[in-house]
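Take 1 as the starting number for the sequence shown in the working numbering and just add one per residue.
Structure first, commentary second.
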Amino acid sequence: MKHLDIIKKIPKAELHLHIEGTFEPELLFEIATRNKIPLRFKSVEELREAYNFHNLQSFLDIYYEGANVLIEERDFYDLTMAYLKRCREDNVVHTEIFFDPQTHTSRGILFETCLNGIHKALKDAQEEWGITSHLIMCFLRHLSEDEAFKTLNEALPFKDKILAVGLDSSEVGHPPSKFERVFKRAQAEGFLTVAHAGEEGPAEYIWEALDLLSIKRIDHGVRAIEDDKLMERIIQEKIPLTVCPLSNIKLCVFKQMADHNLKKLLSRGVMVTINSDDPAYFGGYAGQNYLEAALALELDEEEIKTLAMNSFAASFLSEEIKNHWIQEINKW
Ligand code: HPA
Ligand code: ZN
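Rendered as structure tokens:
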């Protein structure tokens, strides 16, 4: 399978990555120790053994628990820097990162402690390695509209550091319509919008995200395939899906990688991208997601190149920079 060699080397953008989901157990233990926060797990191995999920909620419970040890600006810096080092290894040259401020402000951590730590790491990685990035602030959809408005207001002084807003956490029972007014206000303030939809939730939630939240791309969106009219729309309007193959297997959205609909979506003309979601919890970073999808679905070299080109085409980079990277990929 010689064509798989290109996966590591080809330039890629990552568009669906939760920074709190890059928290590797080793770093989690290190930060817990220095912040003197007791953990219910005795070792790195014991923590890793708990990463057996049967749905989204079973993952979220442990993901929020892990984030509890992040206290100081330095903690957020170290977390982000560790992820950016992995980007370098996988030749991810551009990344659009989600962060969940409510996970931290609800514990008494200041909004700017979290934002500044992440942002400083992004700046250093750009200066040292040329990795470019954008930040996307997510609202936790299991919390109220009021709480989302409060978080949006906290973000207003930092518009220069946050490009877009998104919607994550427990999907079923918390449809996009719950946040229609928050997203309208965010747009009026100049933020771009994205939303998780159609991961566990029905295709109806994708319609709502498109029609009520005016989103620029759909995070996950794999359940779009259940609705022909919706498929027609996302193909015609070239609405990207930020698909996360390993995440979908770990959270039992598909039973095994060979059952994943990524190749089907791609062949029907959907603008599909490959991303890692929460790599520390789901067993691999961007490169590993490309590799495991390519092996199980028998993706050929052209399909791998298309996925990498889509990752730039679907990004929030300028047209000029998108074209630069797409031309680079074309040389392969
Ligand atoms: N879905 C919803 N919320 C999340 C996810 C996800 O895959 N990862 C982190 N928060
Ligand atoms: Zn996600």
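Ideal Cβ placement from N, Cα and C applies to all residues, glycine included.
In the DSSP output, what is residue i paired with across the bridge?
{"i": "residue 218", "result": "195, 241"}
{"i": "residue 98", "result": "18, 136"}
{"i": "residue 12", "result": "92"}
{"i": "residue 166", "result": "138"}
Using the rule of at least 16 other Cβ atoms within 10 Å of the residue's Cβ for burial, across every protein chain shown, is residue i buried or exposed?
{"i": "residue 146", "result": "exposed"}
{"i": "residue 188", "result": "exposed"}
{"i": "residue 195", "result": "buried"}
{"i": "residue 300", "result": "exposed"}
{"i": "residue 80", "result": "buried"}
{"i": "residue 54", "result": "exposed"}
{"i": "residue 110", "result": "exposed"}
{"i": "residue 333", "result": "What is shown of the chain runs 1 to 332, which leaves residue 333 out entirely."}
{"i": "residue 172", "result": "exposed"}
{"i": "residue 117", "result": "buried"}
{"i": "residue 307", "result": "buried"}
{"i": "residue 262", "result": "buried"}
{"i": "residue 236", "result": "exposed"}
{"i": "residue 325", "result": "buried"}
{"i": "residue 330", "result": "exposed"}
{"i": "residue 37", "result": "exposed"}
{"i": "residue 288", "result": "buried"}
{"i": "residue 102", "result": "buried"}
{"i": "residue 315", "result": "buried"}
{"i": "residue 25", "result": "buried"}
{"i": "residue 276", "result": "buried"}
{"i": "residue 43", "result": "exposed"}
{"i": "residue 318", "result": "exposed"}
{"i": "residue 338", "result": "For residue 338 there is no data in the structure shown, the boundaries of the chain being 1 and 332."}
{"i": "residue 168", "result": "buried"}
{"i": "residue 61", "result": "exposed"}
Starting from residue i, trace the alpha helix (DSSP H) both ways and give me its first and last residue.
{"i": "residue 235", "result": "228-236"}
{"i": "residue 320", "result": "319-330"}
{"i": "residue 115", "result": "111-129"}
{"i": "residue 61", "result": "56-67"}
{"i": "residue 186", "result": "180-188"}
{"i": "residue 27", "result": "25-34"}
{"i": "residue 51", "result": "Per DSSP, residue 51 belongs to no alpha helix (DSSP H) and is neither H nor E."}
{"i": "residue 150", "result": "145-155"}
{"i": "residue 267", "result": "262-267"}
{"i": "residue 206", "result": "203-213"}
How about residue i: is its C-beta nearer than 8 Å to some C-beta of chain C?
{"i": "residue 222", "result": "You won't find chain C in this structure, because it holds only one protein chain."}
Cβ of residue i within 7 Å of any heavy atom in ligand 4?
{"i": "residue 21", "result": "Ligand 4 is not part of this structure, which contains only ligand 1 and ligand 2."}
- Can you list the alpha helix (DSSP H) stretches of 4 or more residues lying completely in the region 273-312, in chain order? Runs found: 279-282, 286-297.
- By C-beta, the residues closer than 6 Å to any heavy atom of ligand 2, given in chain order: Any heavy atom of ligand 2 counts here; residues with a Cβ closer than 6 Å to one of them, in chain order, are 16, 18, 168, 196, 219, 277.
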